[in-house]
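Counting from 8, one number per residue, gives the positions in the sequence shown under this note's numbering. Some notes on the structure that comes next.
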Amino acid sequence: MKRWNGWGDTTKHFPVPESAAAYLTQTIGPGILSPDAKIEMVLRSVPASRLVPLPAISSDPLDRLLHARGQSLPDWIALRSGAIHAFPDGVVYPETSQDVRSLLDYAMETGTVLIPYGAGSSVVGHINPAAGDRPVLVSDLGKLNHLVSLDPISRIAVVEAGILGPDLEAVLQPHGFTFGHFPQSFEFSSLGGWIATRSSGQQSYYYGRIEDQFLGGEVETFPGKISISPYPASAAGPDIKHLILGSEGRIGIITRAAIRIHPIPESEAFKAIFFRDWDTGAEVVRRIAQNRIPVSMLRLSDEIETQTTLLLSGKDRIVRYAERGLNAAGYKGQRCLLIFGATGSSNTVNQTVRRVYEIGLRHRGLPVPFMIGRLWQKTRFFTPYLRNTLWECGYALDTLETVLPWEKVIRVAREVRSILEHGLEEQHERVLAFAHLSHVYQVGASFYITYIFRRSPDPELTLAHWITLKSAASHAILAEGGTISHQHGVGMDHSPYLTQERGAPFVHALRSALLTFDPQGLLNPGKLIAATDKEVCDVETRMA
Ligand SMILES: Cc1cc2nc3c(=O)[nH]c(=O)nc-3n(C[C@H](O)[C@H](O)[C@H](O)COP(=O)(O)OP(=O)(O)OC[C@H]3O[C@@H](n4cnc5c(N)ncnc54)[C@H](O)[C@@H]3O)c2cc1C
Numbered sequence: 008m009k010r011w012n013g014w015g016d017t018t019k020h021f022p023v024p025e026s027a028a029a030y031l032t033q034t035i036g037p038g039i040l041s042p043d044a045k046i047e048m049v050l051r052s053v054p055a056s057r058l059v060p061l062p063a064i065s066s067d068p069l070d071r072l073l074h075a076r077g078q079s080l081p082d083w084i085a086l087r088s089g090a091i092h093a094f095p096d097g098v099v100y101p102e103t104s105q106d107v108r109s110l111l112d113y114a115m116e117t118g119t120v121l122i123p124y125g126a127g128s129s130v131v132g133h134i135n136p137a138a139g140d141r142p143v144l145v146s147d148l149g150k151l152n153h154l155v156s157l158d159p160i161s162r163i164a165v166v167e168a169g170i171l172g173p174d175l176e177a178v179l180q181p182h183g184f185t186f187g188h189f190p191q192s193f194e195f196s197s198l199g200g201w202i203a204t205r206s207s208g209q210q211s212y213y214y215g216r217i218e219d220q221f222l223g224g225e226v227e228t229f230p231g232k233i234s235i236s237p238y239p240a241s242a243a244g245p246d247i248k249h250l251i252l253g254s255e256g257r258i259g260i261i262t263r264a265a266i267r268i269h270p271i272p273e274s275e276a277f278k279a280i281f282f283r284d285w286d287t288g289a290e291v292v293r294r295i296a297q298n299r300i301p302v303s304m305l306r307l308s309d310e311i312e313t314q315t316t317l318l319l320s321g322k323d324r325i326v327r328y329a330e331r332g333l334n335a336a337g338y339k340g341q342r343c344l345l346i347f348g349a350t351g352s353s354n355t356v357n358q359t360v361r362r363v364y365e366i367g368l369r370h371r372g373l374p375v376p377f378m379i380g381r382l383w384q385k386t387r388f389f390t391p392y393l394r395n396t397l398w399e400c401g402y403a404l405d406t407l408e409t410v411l412p413w414e415k416v417i418r419v420a421r422e423v424r425s426i427l428e429h430g431l432e433e434q435h436e437r438v439l440a441f442a443h444l445s446h447v448y449q450v451g452a453s454f455y456i457t458y459i460f461r462r463s464p465d466p467e468l469t470l471a472h473w474i475t476l477k478s479a480a481s482h483a484i485l486a487e488g489g490t491i492s493h494q495h496g497v498g499m500d501h502s503p504y505l506t507q508e509r510g511a512p513f514v515h516a517l518r519s520a521l522l523t524f525d526p527q528g529l530l531n532p533g534k535l536i537a538a539t540d541k542e543v544c545d546v547e548t549r550m551a
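What follows is the structure in structure tokens.
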């Protein structure tokens, strides 16, 4: 069962290792504990539903609570404190495209706001209902989860969009194929959500980002169904797929998607190399990307993330072994860990590993023959569970990400890290911030920063601390010409920055498109951009 106020499956638990707890206490101070709200208390705060009743709609308070918030830090603060200011009035689980069509008709006839919901793993406030006069209905697409067709010759599958990551792999793999989209939220995120947020999986270097993997499909909108054929390529004007990618539930409901599938690779390996500093590691990673060495993933941690990852891994024996080996090899003190993956035929994998090791050695890197790469692979979807236990130890954790050209990326990452580290000095709080380069391209790379600070007994203060940090980091990223998001999307949290990033003419054009598909602003209002006058007014009130 999914946790109602945290990440993941209730049966999975990632305890904070003792060494890591000691490190956090020493770095940012002992965690501040305050009890979480009890679910019974939160359920009692769910107001009466305002929806025009329909047999298919559940107005059960538990259903409404489970669909009220996503996974951003403000969402966590609301859920854990029980101060959830707006609940949806009901939840509906369509099973067919026809059900989705009927839902849109219902929303239009009754003036109901409709929020498409994949699995609620959004980290930027994509699915939160806003308080207001109009009733809000969440459309949980989890029952739209079937394989519709699979063409092994063209390597195209058509799949219903509510399918979750593991279920998608489970329907493709018996046919000898994989989709290969593995975000860290893989367990609890959906195909439709990936498309609607322009997601990127951990092995995007091999399988592509979602925009490379999404070929077409069907989207139910108020004016009618959009059907997009999976053309291998087309010069017939602008590509409508790009209106759907990143549409964040505002244009319509994606009911099925045609996707590019790949034969299950014959072989796969995840390996590690240590470097003496981040700049050297980044130089190696850039050379790998620009020389088109066919790795499937690269993750280069900075010095602090390297140390923290080893401490948080909970594998004290392996860490001690690694420490001894590193010290013996002259890697005392600071070091940066590169984890890379190679995917494909055995031959390709062996050659890729050999070529990466060669470049690494030329830059005085230290390849690690033991477990670290394999350990990363084994725990890749498990590490987010640490967020639950860190919270329970009194710490709040959030992440942010952007992408920049190679020429700037390391400098800006360091600057943003430093802004976060010092961001709560006036409040006399310390922040632990660490970074890695995650997705790499020929011309640049994305960096991903995790930051941890102590909670406050007052949830409003924890939220205020988050706003201070997030806003300082976001302004710094934009000032350097970075995008407000490489993979998490816009939602509510990044919406105020979109005009600065994309410019007023683009935002104006996007607004016109949204209004064409949804003149009354019924589909997921308040996310991405303010389209209707009412949304503009709501944003102004919120900012004031
Ligand atoms: C622990 C953790 C790790 C993460 N790691 C990654 C990562 O590695 N890479 C990455 O890219 N992201 C990551 N994310 C962010 C998140 O998982 C992605 O944004 C994901 O794509 C959201 O999918 P979802 O199905 O949960 O969508 P939801 O959160 O339910 O919805 C997100 C948005 O998509 C819209 N939407 C969903 N389904 C549809 C549909 N069928 N039709 C129209 N609109 C729809 C919603 O209206 C909403 O605006 C992570 C999140 C967490 C909590």
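Beta carbons: idealized from backbone N, C-alpha and C, even for Gly.
Assuming residue i contacts residue j (C-beta within less than 8 Å), just tell me the rounded distance between them.
i, j, result
"Phe184", "Gly208", "15 Å between Cβ atoms; not a contact."
"Asp323", "Pro24", "7 Å"
"Ile491", "Glu508", "5 Å"
"Glu408", "Tyr455", "4 Å"
"Leu72", "Val59", "The pair is not a contact, with the Cβ atoms about 21 Å apart (cut-off 8 Å)."
Residue i and residue j: beta carbons closer than 8 Å?
i, j, result
"Cys319", "Leu393", "First, the amino acid is wrong: residue 319 is Leu here, not Cys. Yes, they are a contact pair."
"Ile35", "Arg461", "yes"
"Glu227", "Gly199", "no"
"Val1", "Gly340", "Residue 1 lies beyond the stretch modelled for the chain, which goes from 8 to 551, so this question has no answer here."
"Phe2", "Ile346", "Examination of residue 2 is not possible in this model, given that the chain is present from 8 through 551 alone."
"Thr457", "Thr406", "yes"
"Leu171", "Phe195", "yes"
"Ile132", "Ser211", "According to the sequence provided, residue 132 is Gly. The question's Ile does not apply to it. Taking 8 Å as the Cβ cut-off, Gly132 and Ser211 do not qualify as a contacting pair."
"Ser308", "His493", "no"
"Glu102", "Leu151", "yes"
"Leu110", "Ser56", "no"
"Ile459", "Leu439", "yes"
"Ile426", "Ala471", "no"
"Arg267", "Val155", "no"
"Gly215", "Leu144", "no"
"Leu61", "Tyr100", "no"
Is residue i close to ligand 1? I mean its beta-carbon at under 7 Å from any heavy atom of the ligand.
i, result
"Leu148", "yes"
"Gln494", "yes"
"Val53", "no"
"His133", "yes"
"Ala126", "yes"
"Asn531", "yes"
"Ala168", "yes"
"Val130", "yes"
"Thr396", "no"
"Trp383", "no"
"Pro245", "no"
"Ile261", "yes"
"Pro159", "no"
"Gly77", "yes"
"Gly139", "no"
Within 10 Å of its beta-carbon, does residue i have 16 or more other beta-carbons around it, so buried, or fewer, so exposed?
i, result
"Cys569", "The chain is shown only over 8 to 551; residue 569 falls outside these bounds and no answer can be derived."
"Ser254", "buried"
"Met304", "buried"
"Glu428", "buried"
"Arg369", "exposed"
"Ile160", "exposed"
"Pro105", "In the sequence as presented, Pro is not what sits at residue 105; that position holds Gln. Per the 10 Å Cβ criterion, exposed."
"Met8", "exposed"
"Asn135", "buried"
"Pro412", "exposed"
"Asn334", "exposed"
"His501", "buried"
"Pro391", "buried"
"Ala537", "buried"
"Val450", "exposed"
"Leu535", "buried"
"Pro22", "exposed"
"Asn298", "exposed"
"Tyr328", "exposed"
"Thr18", "exposed"
At a cut-off of 7 Å, would you count residue i as near ligand 3, judging by its Cβ distance to the nearest heavy atom?
i, result
"Glu542", "Ligand 3 is not part of the structure shown, which contains ligand 1 as its ligands."
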